[in-house]
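Trainee: In terms of our numbering, the sequence shown is residues -12 to 524. Glycine included, C-beta positions come from ideal geometry on N, C-alpha and C. If you're wondering where the values come from, they're calculated on a predicted model, not measured in any experiment.
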Amino acid sequence: MPATRHEFDVLVLGSGIAGLNFALQAARHGRVGLVTKKNRADSNTNWAQGGIASVTSREDSFELHVRDTLDAGAGLCRESVVRTIVEEGPARIQELLELGARFTEREIPAEPGRRELDLTREGGHSKRRVLHAADATGAELERTYLQAIASQPNITVLEDHLAIDLITSAKIGAAGPNRILGVYVLDRIRQEVEVFAAPVVVLATGGSGKVYLYTTNPDIATGDGVAMAYRAGLPIANMEFVQFHPTCLFHPQVRNFLISEAVRGEGAVLRGADGKRFMDRYDARGELAPRDIVARAIDSEMKRTGADCVFLDLTHLQESFITGHFPTIHARCRELGIDIARRPIPVVPAAHYQCGGVVASVDGVTEITGLYAVGEVACTGLHGANRLASNSLLEALVCSHRAAQHALQHRPESHSLTIPEWQTGNATDPDELVVVSHNWDEVRRTMWDYVGIVRTNKRLRRAEKRLGNLTEEIREFYWNFRVTADLLELRNLVTVAELIVACSLQRPESRGLHYNLDFPSSHPAWAQRDTVIRRPA
-12 MPATRHEFDV LVLGSGIAGL NFALQAARHG RVGLVTKKNR ADSNTNWAQG GIASVTSRED
48 SFELHVRDTL DAGAGLCRES VVRTIVEEGP ARIQELLELG ARFTEREIPA EPGRRELDLT
108 REGGHSKRRV LHAADATGAE LERTYLQAIA SQPNITVLED HLAIDLITSA KIGAAGPNRI
168 LGVYVLDRIR QEVEVFAAPV VVLATGGSGK VYLYTTNPDI ATGDGVAMAY RAGLPIANME
228 FVQFHPTCLF HPQVRNFLIS EAVRGEGAVL RGADGKRFMD RYDARGELAP RDIVARAIDS
288 EMKRTGADCV FLDLTHLQES FITGHFPTIH ARCRELGIDI ARRPIPVVPA AHYQCGGVVA
348 SVDGVTEITG LYAVGEVACT GLHGANRLAS NSLLEALVCS HRAAQHALQH RPESHSLTIP
408 EWQTGNATDP DELVVVSHNW DEVRRTMWDY VGIVRTNKRL RRAEKRLGNL TEEIREFYWN
468 FRVTADLLEL RNLVTVAELI VACSLQRPES RGLHYNLDFP SSHPAWAQRD TVIRRPA
């Protein structure tokens, strides 16, 4: 029986803010397929607590935002990209407001009855510039966009569909420049592989936090876009820069609940097991130092004292302020028996954000004609060696807007190439699913133990060897058994893990989020120098 085939003018993979924004704009000019591997609201965007960094205050300036971004990026940001994204941010914020996004406001002190956007401050920012919807900004953005696309007849949302691999002209042996033709996609409900054909495909698949044992990311963050792009021959850059969020709740029942950086921005302090503050010993900015510095400081304190966690203390703030600004965090911690108004929150660092990814321009353009990469999956040069807090949603908005404009202005010519159907061959149903589960756990533990906040070449080589063995085993499963969602995600996860290790071994220095005890200092020759990896031809 022939596989189901779908035809679209644009195919978007991922339903976070980057994918939804692109789809909404593209739908005005053609048929858009939006593929998401679970529910349409399942995305890293939906989990974002903090907010969007953008210059909206008269006390702020583009120059200050650019400077803060460059400082956090530790000499690896592309300044032209930073300026473009920072300067175009306010226009994208205005579009969000026009779509109906509801950001937290406050009354203007000197003008009773008048209100303005409430701006908070996070680590690495010299001014208050983070717009937020209390402490659930991502959920508000997701609501706004999902409501907007629901009224767009040109958008077809396909839930429970997991992209397997990109289909390119080079892959099917066609002559001429390499171009995107479509994607093979697994329908998770029917357990059948379908062909999605489109001259424009957008990777908006998010990050890869689940490659680590402890992460703030949802289960969907398995690096699918990066892995697919790598298999398609695209360059992948700077994967060694994995941002560990300093403050993930430490609790036996909950391992991925984030305590927003805005909590520190509003005055919370970090204390060790002895109850004493320690951040001033590591950086003059204290708790408001960039995330790489705070995460390493916490890691150092835990190792020095043998403690399982440190504590984030906001008990000196008024309870009404806490419940008003951080209702989600307050309620969740209360459910777990922690009254954050009266008791410090136990926290540990956890994998949070992928600063590297598919090499793409600020317009989302990749080396394959018609294929775009936007959001966390892309490496545009904005984040450098360490992302400035709340710049991720800003990048997703600006770059998806620019990518949509580029795609409309550079529509690929029609072609008569035939996309071959998915070949199942002699594959059978998996009979050793327990091994898949074991391998999944082994990949994540290997990365946590050997490729964490602090690294050494010896640990990296051990990880490289273990991951190599796992890759061979997973490859056998992939070719010998029918594909399942768990197997496909595991395949992507081990690919991303190997890319992180390979990039880490390429960089003979410590910079930003990559800290190697064998090379504890930054090397001037590696400033503005990316680590780039391609799949061997």
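At a cut of 8 Å, does the region 116 to 128 reach the region 35 to 54 through at least three beta carbon pairs?
Mentor: Yes, since at least three Cβ pairs between the region 116 to 128 and the region 35 to 54 fall closer than 8 Å, the two stretches touch.
Trainee: If you drop the 5 nearest sequence neighbours on each side, which residues of the same chain put their C-beta closer than 7 Å to that of R242?
Mentor: Y201
Trainee: Taking C-beta to C-beta, are R389 and A214 nearer than 9 Å?
Mentor: no
Trainee: I'd like the ranges of any beta strand (DSSP E) spanning at least 3 consecutive residues and lying wholly in the region 103 to 159.
Mentor: 142 to 145, 148 to 155
Trainee: What residue range does the beta strand (DSSP E) around T234 cover?
Mentor: 229 to 236
Trainee: How would you call T433, buried or exposed, if buried means at least 16 neighbouring beta carbons within 10 angstroms?
Mentor: When all chains shown are included, T433 counts as buried.
Trainee: Beta-carbon within less than 8 Å of D(-4)'s beta-carbon, same chain only, minus the 5 sequence neighbours each way: which residues are those?
Mentor: Taken in chain order, the residues that qualify are A13, H16, G17, R18, V19, A185, P186, V187.
Trainee: Taking Cβ positions, are A219 and L149 nearer each other than 9 Å?
Mentor: no
Trainee: State the Cα-Cα distance for the pair T23 and V364, rounded to the nearest angstrom.
Mentor: 15 Å
Trainee: Measuring straight from C-alpha to C-alpha, what distance separates N444 and L475?
Mentor: Distance between N444 and L475, taken at the CA atoms: about 29 Å.
Trainee: Would you mind stating whether I280 and D270 have Cβ atoms separated by less than 9 Å?
Mentor: yes
Trainee: Is the region 84 to 91 close to the region 55 to 67, with three or more CB pairs under 8 Å?
Mentor: no
Trainee: How many angstroms separate the CA atom of V69 from the CA atom of Q392?
Mentor: 19 Å
Trainee: My assumption, with CB atoms under 8 Å, is that C490 sits in contact with T518. Please give the rounded CB distance.
Mentor: 4 Å
Trainee: Roughly how many whole angstroms lie between the Cα atoms of D505 and Y437?
Mentor: 14 Å
Trainee: So, helix, strand or coil for C296, using DSSP?
Mentor: coil
Trainee: I need the straight-line Cα distance from V385 to G351, nearest angstrom please.
Mentor: 10 Å
Trainee: Note down the Cα distance separating A191 from P77, rounded to an integer number of angstroms.
Mentor: 22 Å
Trainee: Alpha carbon to alpha carbon, what distance is there between S44 and K114?
Mentor: The C-alpha of S44 is placed about 9 Å away from the C-alpha of K114.
Trainee: Can you give me the start and stop residues for the beta strand (DSSP E) that G169 sits inside?
Mentor: Boundaries of the beta strand (DSSP E) harbouring G169: 167 to 174, taken from the DSSP string.
Trainee: Compute the Euclidean distance between the alpha carbons of P222 and K197, then round it to the nearest angstrom.
Mentor: 22 Å
Trainee: Taking one C-beta from the region 168 to 186 and one from the region 319 to 329 each time, how about it: are there three or more such pairs within less than 8 Å?
Mentor: no
Trainee: Hey, how far is the Cα of V483 from the Cα of H303?
Mentor: One C-alpha to the other measures close to 42 Å.
Trainee: Residue ranges of each beta strand (DSSP E) run of no fewer than 3 residues wholly in the region 274 to 361, ordered along the chain?
Mentor: Within the region 274 to 361, complete beta strand (DSSP E) segments of at least 3 residues are found at 297 to 300, 332 to 341, 344 to 346, 358 to 360, given in chain order.
Trainee: Rounded to whole angstroms, what is the Cα-Cα separation between C366 and M226?
Mentor: Counting only the Cα atoms, M226 lies some 9 Å from C366.
Trainee: Restricting to Cα atoms, I'd like to know which of F464, F308, R448, T71 is closest to V421.
Mentor: F464
Trainee: Once the 5 residues before and after E75 are set aside, which same chain residues still bring their CB inside 6 Å of it?
Mentor: V385, listed in sequence order.
Trainee: Please state whether DSSP places N8 in a helix, a strand or coil.
Mentor: helix
Trainee: What is the C-beta distance between Y217 and L486, in whole angstroms, given that I count them as a contact (C-beta under 8 Å)?
Mentor: 7 Å
Trainee: What are the residues that DSSP puts in a beta bridge with T415?
Mentor: F468
Trainee: Assign V488 to one of three DSSP states: helix, strand, or coil.
Mentor: It is helical.
Trainee: Going by Cα to Cα distance, which pick from T234, S67, S195, K290 is closest to G252?
Mentor: T234
Trainee: CB A337 to CB E109, shorter than 9 Å?
Mentor: It is not a contact, given that the beta carbons lie outside the stated cut-off.
Trainee: When DSSP builds the beta bridges, which residues end up paired with E460?
Mentor: Its beta-bridge partners do not exist; DSSP assigns none.
Trainee: What's the call for A255, buried or exposed, on a 16-neighbour Cβ count within 10 Å?
Mentor: buried
Trainee: Does DSSP put A97 in a helix, in a strand, or in coil?
Mentor: coil
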